[in-house]
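A.B. asks: Residue numbers (the UniProt record's numbering), protein chains in the order written: chain A, 1 to 229; chain B, 1 to 229.
Here a beta-carbon is modelled for each residue, glycine too, at the ideal position from N, C-alpha and C.
This is the structure I want to talk about, given as structure tokens.
Number of protein chains: 2
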Amino acid sequence: MIHSYSSEDKVLLAVDCIIFGFDEEELKILLIKRDFKPERGKWSLMGGFLKKDENLDQAANRILHHLTGINNVYLEQLYNFSKVDRDPVERTLSVSYFALINSAEHNTELTENYSAKWFTLSEAPSLIFDHGKMVKHAISRLRYRASNGPIGFELLPEKFTMRQLQKLYEAILGEKLDKRNFINKINSLDILVKLDEKDMSSSRKGSFLYKFDQQKYKRKIDDGFSFKL
Amino acid sequence: MIHSYSSEDKVLLAVDCIIFGFDEEELKILLIKRDFKPERGKWSLMGGFLKKDENLDQAANRILHHLTGINNVYLEQLYNFSKVDRDPVERTLSVSYFALINSAEHNTELTENYSAKWFTLSEAPSLIFDHGKMVKHAISRLRYRASNGPIGFELLPEKFTMRQLQKLYEAILGEKLDKRNFINKINSLDILVKLDEKDMSSSRKGSFLYKFDQQKYKRKIDDGFSFKL
DNA sequence: CCAAAAGTGTTCGACATACACCCATGA
DNA sequence: TCATGGGTGTATGTCGAACACTTTTGG
Numbered sequence: 001m002i003h004s005y006s007s008e009d010k011v012l013l014a015v016d017c018i019i020f021g022f023d024e025e026e027l028k029i030l031l032i033k034r035d036f037k038p039e040r041g042k043w044s045l046m047g048g049f050l051k052k053d054e055n056l057d058q059a060a061n062r063i064l065h066h067l068t069g070i071n072n073v074y075l076e077q078l079y080n081f082s083k084v085d086r087d088p089v090e091r092t093l094s095v096s097y098f099a100l101i102n103s104a105e106h107n108t109e110l111t112e113n114y115s116a117k118w119f120t121l122s123e124a125p126s127l128i129f130d131h132g133k134m135v136k137h138a139i140s141r142l143r144y145r146a147s148n149g150p151i152g153f154e155l156l157p158e159k160f161t162m163r164q165l166q167k168l169y170e171a172i173l174g175e176k177l178d179k180r181n182f183i184n185k186i187n188s189l190d191i192l193v194k195l196d197e198k199d200m201s202s203s204r205k206g207s208f209l210y211k212f213d214q215q216k217y218k219r220k221i222d223d224g225f226s227f228k229l
Numbered sequence: 001m002i003h004s005y006s007s008e009d010k011v012l013l014a015v016d017c018i019i020f021g022f023d024e025e026e027l028k029i030l031l032i033k034r035d036f037k038p039e040r041g042k043w044s045l046m047g048g049f050l051k052k053d054e055n056l057d058q059a060a061n062r063i064l065h066h067l068t069g070i071n072n073v074y075l076e077q078l079y080n081f082s083k084v085d086r087d088p089v090e091r092t093l094s095v096s097y098f099a100l101i102n103s104a105e106h107n108t109e110l111t112e113n114y115s116a117k118w119f120t121l122s123e124a125p126s127l128i129f130d131h132g133k134m135v136k137h138a139i140s141r142l143r144y145r146a147s148n149g150p151i152g153f154e155l156l157p158e159k160f161t162m163r164q165l166q167k168l169y170e171a172i173l174g175e176k177l178d179k180r181n182f183i184n185k186i187n188s189l190d191i192l193v194k195l196d197e198k199d200m201s202s203s204r205k206g207s208f209l210y211k212f213d214q215q216k217y218k219r220k221i222d223d224g225f226s227f228k229l
């Protein structure tokens, strides 16, 4: 048995995370101001390098935790960006990941303890290297995933109103949806539980809160059900 | 300006290609018998290592050409497989690519000059490392792409019959399709040209040949059209 | 004349879309 | 009492699914 592929080239492998959040109205991404060279002072995605004793998912989790204090969020590998001169310092490939976080839960902590900032998609500054391309790619994957699986709930608090859910989907899909049709469709999926509780913050009448029913969803999936929105 | 990220780990990056072909009846993948260690003599995907002066798409094209003599085919990056001990020799990550080739055009050349062999999906031998996982992933991507874009034509000769096209889609999707519904749907897309020519090899009556009209398709796309099958 | 594949339309049901009014409440 | 957002059902059109017979021609 041989012990190395000794004549082959090795490369640096970065991991960059596109972190999505939702603030009741708009879809946002979390960026940090770089405090190191090159491009110090410019805005960038959260990133870091793969270490030799971890896989990419682990690296993405580690980087996310290190830069934001956050753990246990939805993370998904997207694409490997490999243009030879994409990083001016040294040949580096970057694997992009997208993350979904419930920003209500983490907002203040984030912006105070770490120098991260939320930007709406339209207000986001231009990013270093090919990070802009990564964001575009991530948005299109997010749309796909949100339309084909119950992934949107990752961006909401555990309990949420129908209106919040609708606003979220409108933000993800970039289009207005009809209130009645949306609710009918969601109800026909039969994967939410309506709670006895109301959220009173948005109106005088108050609106019922719902929870995503993970167990029920899994049972339905095993039964051939497929989520489509 | 700094000139290296000197303290970071570097890794070997492989590229492995899942090559799909179609032989009038079944979807196949092209494998080679490894003539080097480790796992010499076992079947594997076509693979090689990324070199420092090329990007991943270039590497995939180079590897494909080197191992099969084929150039200019549809290639798409899929996923980074990064488990720490996936390759027993040395830490290696692998980026999988899937390729679509018109096997009629390349068949004999391939199996004679190179030690490659076509396998139907059900007859394929078990593969080294995590190559089996890569194939599964590639099939699901192929299904998605073929359902949402005119990518199936990459697997057919330039001129083809409706029946061939239907068989191809049946093979990709893994289900029988209704002849009339299929033809109606394809015709309603309005992206094929019917030729005056018939293919006489499959029946006494002969069946008309069609070509995919790239120009027309592009015009329709620019016009907001979206391919769905 | 017969076997074997090619070609061709219509009906029916399901699902998506469009659309407007009453309700409950706090101020 | 009124302003604000919450909640609810129906009618219509579109698209996908099921389905069977005639045509051609080489042997």
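Could you tell me the alpha carbon to alpha carbon distance between B/THR161 and B/PHE153, rounded to whole angstroms?
C.D. replies: Straight-line Cα distance between these residues: approximately 11 Å.
A.B. asks: Give me the Cβ distance between A/TYR74 and A/CYS17, rounded to the nearest whole Å; I'm assuming they're in contact under 8 Å.
C.D. replies: Not a contact, Cβ separation roughly 11 Å.
A.B. asks: Along the region 72-101 of chain A, where does the CB come closer than 8 Å to a CB of chain B? Name the residues.
C.D. replies: Per Cβ criterion, the list reads GLN77, TYR79, ASN80, SER82, LYS83, VAL84, PRO88, VAL89, GLU90, ARG91, THR92, LEU93 and VAL95.
A.B. asks: Just to confirm before moving on: does the CB-CB distance between A/GLY69 and A/TYR114 stay below 9 Å?
C.D. replies: Yes, they are a contact pair.
A.B. asks: Please state whether DSSP places A/PHE49 in a helix, a strand or coil.
C.D. replies: Looking at A/PHE49 - three-state DSSP - the assignment turns out to be strand.
A.B. asks: Is it buried or exposed, A/LYS136, if we count other Cβ atoms within 10 angstroms and call 16 or more buried?
C.D. replies: The residue in question, A/LYS136, is exposed, as its Cβ has fewer than 16 Cβ neighbours within 10 Å.
A.B. asks: Within the 9 Å Cβ cut-off, does B/HIS3 reach chain A?
C.D. replies: Taking Cβ atoms only, chain A reaches closer than 9 Å to B/HIS3, which makes this a yes.
A.B. asks: In its own chain, which residues sit with a C-beta less than 8 Å from the C-beta of A/GLU197, not counting the 5 before and 5 after it?
C.D. replies: These residues qualify, in order along the chain: LYS159, PHE208 and LEU209.
A.B. asks: Answer yes or no: does any C-beta atom of chain B fall closer than 9 Å to that of A/LYS42?
C.D. replies: No, no contact with chain B.
A.B. asks: Can B/ASP9 and A/LYS52 be called in contact, C-beta distance under 9 Å?
C.D. replies: Yes, the Cβ-Cβ distance between B/ASP9 and A/LYS52 is below 9 Å.
A.B. asks: Report the rounded CA-to-CA distance for B/GLY174 versus A/TYR144, giving the unit in angstroms.
C.D. replies: Near 23 Å, if we compare the C-alpha coordinates of A/TYR144 and B/GLY174.
A.B. asks: When you compare each of A/THR92, A/SER44 and A/ASP222 to A/LYS33 by their alpha carbons, which one comes out closest?
C.D. replies: If we check each option's Cα against that of A/LYS33, A/SER44 comes out closest.
A.B. asks: B/PHE81: buried (16+ other C-beta within 10 angstroms of its C-beta) or exposed?
C.D. replies: Buried: at least 16 other Cβ atoms inside 10 Å.
A.B. asks: According to DSSP, simplified to helix, strand and coil, what is A/LYS205?
C.D. replies: If DSSP states are grouped into helix, strand and coil, A/LYS205 belongs with coil.
A.B. asks: Should A/ILE2 go down as buried or exposed, given a rule of 16 or more other Cβ atoms within 10 Å for buried?
C.D. replies: Exposed, by the Cβ-count rule.
A.B. asks: Pull up the distance between the alpha-carbon of A/LYS176 and that of B/SER94, whole angstroms please.
C.D. replies: Distance between the alpha carbons of A/LYS176 and B/SER94: 41 Å.
A.B. asks: Are the CB atoms of B/GLN77 and B/LEU64 within a distance shorter than 9 Å?
C.D. replies: Not in contact: B/LEU64 and B/GLN77 (Cβ atoms no closer than 9 Å).
A.B. asks: Assign A/HIS131 to one of two classes, buried (16 or more other C-beta atoms within 10 Å of its C-beta) or exposed (fewer than that).
C.D. replies: Per the 10 Å Cβ criterion, buried.
A.B. asks: Buried or exposed, going by whether 16 or more other CB atoms sit within 10 Å of the CB of residue 230 of chain B?
C.D. replies: A question about residue 230 of chain B goes unanswered here, because the residues of chain B that appear run from 1 up to 229.
A.B. asks: If B/PRO157 and B/ALA104 are in contact, beta carbons under 8 Å, what's the gap, nearest whole angstrom?
C.D. replies: Right, their Cβ atoms sit about 6 Å apart.
A.B. asks: How would you call A/LYS28, buried or exposed, if buried means at least 16 neighbouring beta carbons within 10 angstroms?
C.D. replies: By the neighbour-count rule (16 or more Cβ atoms within 10 Å), A/LYS28 is buried.
A.B. asks: Counting C-beta neighbours from all protein chains within 10 Å, is the total for B/LEU100 16 or more, i.e. buried, or is it exposed?
C.D. replies: Burial call: buried.
A.B. asks: Please state whether DSSP places B/ILE186 in a helix, a strand or coil.
C.D. replies: Here B/ILE186 sits in helix by DSSP.
A.B. asks: Below 8 Å on the Cβ atoms is my guess for A/LEU142 versus A/PHE20; work out the distance and round it to an integer in Å.
C.D. replies: Right, the Cβ-Cβ distance comes to about 6 Å (below 8 Å), so this counts as a contact.
A.B. asks: Do you know offhand how far B/LYS42's Cα is from B/ALA138's?
C.D. replies: Whole-angstrom Cα-Cα distance: 20 Å.
A.B. asks: State the Cα-Cα distance for the pair B/GLY47 and B/LYS179, rounded to the nearest angstrom.
C.D. replies: Approximately 39 Å, taken between the alpha carbons.
A.B. asks: If we cut at 9 Å on Cβ distances, does A/LYS52 have a partner in chain B?
C.D. replies: So yes, A/LYS52 belongs to the interface.
A.B. asks: On the three-state DSSP scale, how would you describe B/SER147?
C.D. replies: In the structure shown, B/SER147 sits in a helix (DSSP, three-state: H, G or I).
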